[in-house]
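Protein chains in written order, with our numbering: chain A, 2 to 338; chain B, 2 to 338.
Glycine included, each C-beta is placed from N, C-alpha and C at the ideal position.
This report concerns only the one structure given below.
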DNA sequence: CTGTTAGCGCCTTCAA
DNA sequence: TTGAAGGCGCTAACAG
């Protein structure tokens, strides 16, 4: 008998030779699929372990006509800045990684700068992934609609709009905005401002819900302040705003980051939160609790959102037809309001 | 001539048939490699564009014996919590995504719970990626050392230690700790505390540098408070600490998140920052600027770190031998100290 | 229960 | 300049 200890084992062919069986037997043993003698299977598995051999995933996938990977795309349509620095997206990414790993998929991360109309189709045609999760539709809803019409395994985190055909999972932003409005009213606030970029569909929905829950007189006086997503940019906007002498008594911010910017900028003008100004954020990122004062905010259930995104995507991969889902937000009252 | 408009084009074979040439010609045309008549090349490229055809990356990679993907691994050795919620890692991830995309690599994200000694080798043997970037060595330096001895395309973000053979890119944590110490001394602080988990090598180095820059009397009185990485856990530790009546006049926190926890917990005991207590963080995450008061912190150049990680990895992939690099930190003085 | 064989889609050597 | 053919490592009929 030959000494096989030193032969490198790079493929099932190598292992088959050493084991004295055919490649298909090795394949069956290692994939645990197909009928095979128990002892043969065990013997080959042990041999594989001894030689530190594992099936080549790429070849396996090529043969199976799949890739075993799901893309998570972050389109940077509106904000070219450090989108990935947004704690909300990051938490989402973490949970997605967990969910996908659990189902045996790899997570392919990509930030895309949408250019023209073909970026998504081109990405899909490259065949690198079996399905696509998009976090935030940005200003790309037309592109998404077009692609969704012929490509099924596509789910989007974000606001749902009637006119869009693609599959979305997202917080009910309108309801969230309404929660913020009612809370500020309860606090006796009536001179209100909304901080956020309403070109982003999610933020527009928050704003819309906010307005809709306000009595007419308060609604008419709401100031709409165009704040960007990144910490630096939103802080600058807030600082300018207060420096210009604006003095609302209640602010609803489109995100926790923006809310923290508002609080910081207010503090620099000696505006006391919450005595003189109530601030409500959106997201409930982990750091919201550590803001000073701790942030009152509209909580999005990120873990649930990630689970649903993966769940719906897998259904579509299995050929099922599934629809959009909205998740109810809740308000978390802390000390900033 | 047949009408080819409606035939699906799924492979170079299909396109070759339509173009009336051989598959190798199509391959050469689409990869822009090998000699080929200019007009033929252009004609085939146009045909491909018309039919929305792109080369199948998986098959290409199988043939070329590579994967075109780099893994970014987050070992959750010490902290099982939402590691991915740490803003520092997230910012790093964003920059890595940019750098890798630019060089034509996909980024495969995976959070791993290290179990036993084989997790990294097993991951590598699966052959899913061409190289591995590990963010944070956690408590896995033995595993890393073993793997690094036989697997070259491996780079680690984190503290460099003489005894470890693997390639690290990281901030000079010792120097960073010293910067914090000197700053607190300048502020006239002498009753100091360090908040952080010194089982994490990076944090241990920060602590070491902190102590080393202190005069003997101050050094001997430094309190070491074991704070965890996650916001909730570190906040709880800080709250308990102050509730127990501890009253240092200077705190150096192992991370910005921990520093924000300390500030929040202090505020709840009516300890004024910076009047009664100076707090210095580490990282300079985007939100540090928006902390209240804005955080004095030791800045890590994340963008540069990400660029270097990818650069060194690519060198190794090209067969070059390259060594570890330390990045000098700098102190950013804001209002918390 | 196991072996033989034909590809998955692509690249590349060799020959024309 | 182009074509034919072999094979990357694996799976799944189909035979035996």
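Legend entry - Neighbour-count burial assignment, residue 320/A, 16 or more Cβ in a 10 Å radius: Within the first chain, residue 320/A is the residue found at index 319, counting from 1. It counts as exposed.
Legend entry - Partners in chain A for residue 116/B, counting only beta-carbon separations shorter than 9 Å: Locating residue 116/B in the second chain gives position 115, counting from the first residue. Result: empty, since nearest Cβ-Cβ is about 14 Å, beyond 9 Å.
Legend entry - Neighbouring residues, chain B, relative to residue 264/A (Cβ below 7 Å): Sequence index remark: in the first chain, residue 264/A carries index 263 (1-based). Using a Cβ-Cβ cut-off of 7 Å, residue 264/A is close to 293 of chain B, given in chain order.
Inset, instruction - Name, please, each residue of chain A whose Cβ falls closer than 8 Å to the Cβ of residue 14/B. - result: Along the second chain, read from residue 1 onward, the residue named residue 14/B stands at position 13. Contact note: residue 14/B does not reach chain A at a C-beta cutoff of 8 Å; the least C-beta distance is about 15 Å.
Inset, instruction - Ignore the nearest five residues each way along the sequence and tell me which others in residue 177/B's own chain have a CB closer than 7 Å to its CB. - result: As a first step, residue 177/B is located in the second chain; it is residue number 176 there, counting from the start. If we look at residue 177/B and ignore the five residues flanking it on each side, its Cβ neighbours are 207, 210, 283, 299, 330.
Legend entry - Per DSSP, cross-strand counterpart(s) of residue 76/A: As a first step, residue 76/A is located in the first chain; it is residue number 75 there, counting from the start. For residue 76/A, which the question treats as bridged, DSSP gives the partners 113/A.
Legend entry - Interface partners of residue 197/B on chain A, CB under 9 Å: What you label residue 197/B is simply residue 196 of the second chain in a count that begins at 1. Within chain A, no residue comes near residue 197/B; the closest Cβ sits about 16 Å away, beyond 9 Å.
Inset, instruction - Determine the DSSP secondary structure at residue 282/B, reduced to helix, strand or coil. - result: The sequence position of residue 282/B within the second chain is 281, counting from 1. It is a strand residue.
Legend entry - Unbroken alpha helix (DSSP H) run spanning residue 125/B, endpoints: Locating residue 125/B in the second chain gives position 124, where the first residue counts as 1. Annotation: the continuous alpha helix (DSSP H) that includes residue 125/B extends over 120-126.
Legend entry - residue 144/B: first and last residue of the uninterrupted alpha helix (DSSP H) it sits in: Within the second chain, residue 144/B is the residue found at index 143, counting from 1. Going by DSSP, residue 144/B is part of the alpha helix (DSSP H) stretching over 142-149.
Inset, instruction - Answer yes or no: does any C-beta atom of chain B fall closer than 8 Å to that of residue 18/A? - result: Sequence index remark: in the first chain, residue 18/A carries index 17 (1-based). Answer no: the Cβ-Cβ gap between residue 18/A and chain B never drops below 8 Å.
Inset, instruction - Measure the CB-CB distance between residue 226/A and residue 236/A and report whether it falls below 8 Å. - result: Mapped onto the first chain, residue 226/A falls at position 225. Mapped onto the first chain, residue 236/A falls at position 235. Result no, Cβ atoms of residue 226/A and residue 236/A do not sit closer than 8 Å.
Legend entry - Range of the contiguous beta strand (DSSP E) that encloses residue 332/B: In the second chain, counting from the first residue as 1, residue 332/B sits at position 331. Element bounds for residue 332/B: 331-333.
Legend entry - Extent of the continuous beta strand (DSSP E) to which residue 178/A belongs: For the purposes of this step, residue 178/A is taken as the residue at position 177 of the first chain. Following the DSSP letters along the chain, one finds residue 178/A in no beta strand (DSSP E) but inside the alpha helix (DSSP H) bounded by residues 174-187.
Inset, instruction - Mind checking the region 49-72 of chain A against chain B and listing, in chain order, the residues whose C-beta falls within less than 7 Å of any C-beta there? - result: Contact residues of the region 49-72 of chain A toward chain B are 53, 55, 57, 58, 59, 60, 62, 63, 68 (C-beta to C-beta distance below 7 Å).
Inset, instruction - May I ask you to report which of helix, strand or coil DSSP gives residue 70/B? - result: If you number the second chain from 1, residue 70/B lands on position 69. It is a strand residue.
Legend entry - Entirely enclosed alpha helix (DSSP H) segments - the region 219-282 of chain B, minimum 4 residues: Runs of the alpha helix (DSSP H) spanning 4 or more residues and lying entirely within the region 219-282 of chain B occur at 232-244, 257-269, in chain order.
Legend entry - Start-to-end residues for the alpha helix (DSSP H) that takes in residue 313/A: The residue labelled residue 313/A in the question sits at position 312 within the first chain. Segment 303-318, the alpha helix (DSSP H) holding residue 313/A.
Legend entry - Identified DSSP bridge partners for residue 328/B: By 1-based counting over the second chain, the position of residue 328/B is 327. DSSP lists 172/B as partners of residue 328/B.
Inset, instruction - Return yes when the Cβ of residue 71/A is within less than 8 Å of the Cβ of residue 101/A, no when it is not. - result: The residue given as residue 101/A occupies position 100 in the first chain. The residue given as residue 71/A occupies position 70 in the first chain. Yes, these two residues count as a Cβ contact at 8 Å.
Inset, instruction - Using the Cα positions of residue 92/B and residue 286/B, report the straight-line distance between them to the nearest angstrom. - result: Along the second chain, read from residue 1 onward, the residue named residue 92/B stands at position 91. Along the second chain, read from residue 1 onward, the residue named residue 286/B stands at position 285. CA-CA distance, residue 92/B to residue 286/B, rounds to 8 Å.
Inset, instruction - Could you name the residues of the same chain whose beta carbon sits closer than 6 Å to that of residue 20/B, not counting the 5 residues immediately before and after it, in chain order? - result: One-based indexing of the second chain puts residue 20/B at position 19. Excluding residues within five positions, the ones whose Cβ falls inside 6 Å are 45, 48.
Inset, instruction - For residue 237/A, go through chain B and note every residue whose CB falls closer than 9 Å to its CB, in chain order. - result: What you label residue 237/A is simply residue 236 of the first chain in a count that begins at 1. Result: empty, since nearest Cβ-Cβ is about 11 Å, beyond 9 Å.
Legend entry - residue 151/A, buried or exposed, once every other Cβ within 10 Å from all chains shown has been counted against 16: Along the first chain, read from residue 1 onward, the residue named residue 151/A stands at position 150. Counting every other CB atom within 10 Å of its CB across the protein chains shown gives residue 151/A a total below 16, marking it as exposed.
Inset, instruction - Check the Cβ of residue 258/A against every Cβ in chain B and list those closer than 9 Å, keeping chain order. - result: Position 257 of the first chain, counted from the first residue, corresponds to residue 258/A. Under a criterion of Cβ atoms nearer than 9 Å, the residues of chain B adjacent to residue 258/A are, in order, 287, 288, 291.
Inset, instruction - Answer with buried or exposed for residue 174/B, where buried requires no fewer than 16 other C-beta atoms within 10 angstroms of its C-beta. - result: Translated into positions along the second chain, residue 174/B becomes position 173. Residue 174/B counts as buried, since no fewer than 16 other beta carbons sit within 10 angstroms of its beta carbon.
Legend entry - 8 Å Cβ cutoff, residue 112/A in contact with chain B: The residue given as residue 112/A occupies position 111 in the first chain. At a cut-off of 8 Å between beta carbons, residue 112/A contacts chain B.
Inset, instruction - Count the other CB atoms, across all protein chains shown, that sit within 10 Å of the CB of residue 256/B; report buried if there are 16 or more and exposed otherwise. - result: Taking the second chain and counting its residues from 1, the one referred to as residue 256/B is at position 255. Per the 10 Å Cβ criterion, buried.
Inset, instruction - Answer with yes or no whether the minimum CB distance from residue 109/B to chain A is below 8 Å. - result: Taking the first residue of the second chain as 1, we reach residue 109/B at position 108. Nearest CB-CB separation between residue 109/B and chain A: below the 8 Å threshold.
Inset, instruction - Along the alpha helix (DSSP H) that carries residue 129/A, what are the first and last residues, could you check? - result: Sequence index remark: in the first chain, residue 129/A carries index 128 (1-based). Counted as a single uninterrupted DSSP element, the stretch harbouring residue 129/A is not any alpha helix (DSSP H), since DSSP gives it neither H nor E.
Legend entry - Three-state secondary structure (DSSP) of residue 195/B: If you number the second chain from 1, residue 195/B lands on position 194. In the three-state DSSP reduction, residue 195/B falls in the strand class (E or B).
Legend entry - Cut-off 6 Å between Cβ atoms - residues of its own chain near residue 275/A, not counting five sequence neighbours on either side: As a working note, residue 275/A is residue 274 in the first chain. Result list for residue 275/A: 337, 338, in chain order.
Inset, instruction - Throw me the rounded Cβ distance for the residue 161/A and residue 327/A pair, which I believe falls under 8 Å. - result: As a first step, residue 161/A is located in the first chain; it is residue number 160 there, counting from the start. As a first step, residue 327/A is located in the first chain; it is residue number 326 there, counting from the start. With 8 Å as the limit, residue 161/A and residue 327/A qualify as a contact, their Cβ atoms being about 6 Å apart.
Inset, instruction - Could you confirm whether any beta carbon from chain B is found closer than 8 Å to the beta carbon of residue 247/A? - result: Against the first chain, residue 247/A aligns to sequence position 246. It does not: the Cβ of residue 247/A has no partner Cβ on chain B nearer than 8 Å.
Legend entry - Where residue 102/B meets chain A, residues with beta-carbon distance less than 8 Å: The residue labelled residue 102/B in the question sits at position 101 within the second chain. What residue 102/B touches in chain A: 111, 112.
Inset, instruction - Kindly indicate if chain B contains any beta-carbon less than 8 Å away from that of residue 302/A. - result: For the purposes of this step, residue 302/A is identified with residue 301 of the first chain, where counting begins at 1. Interface residue (Cβ-Cβ distance to chain B less than 8 Å): residue 302/A is not classified as such.
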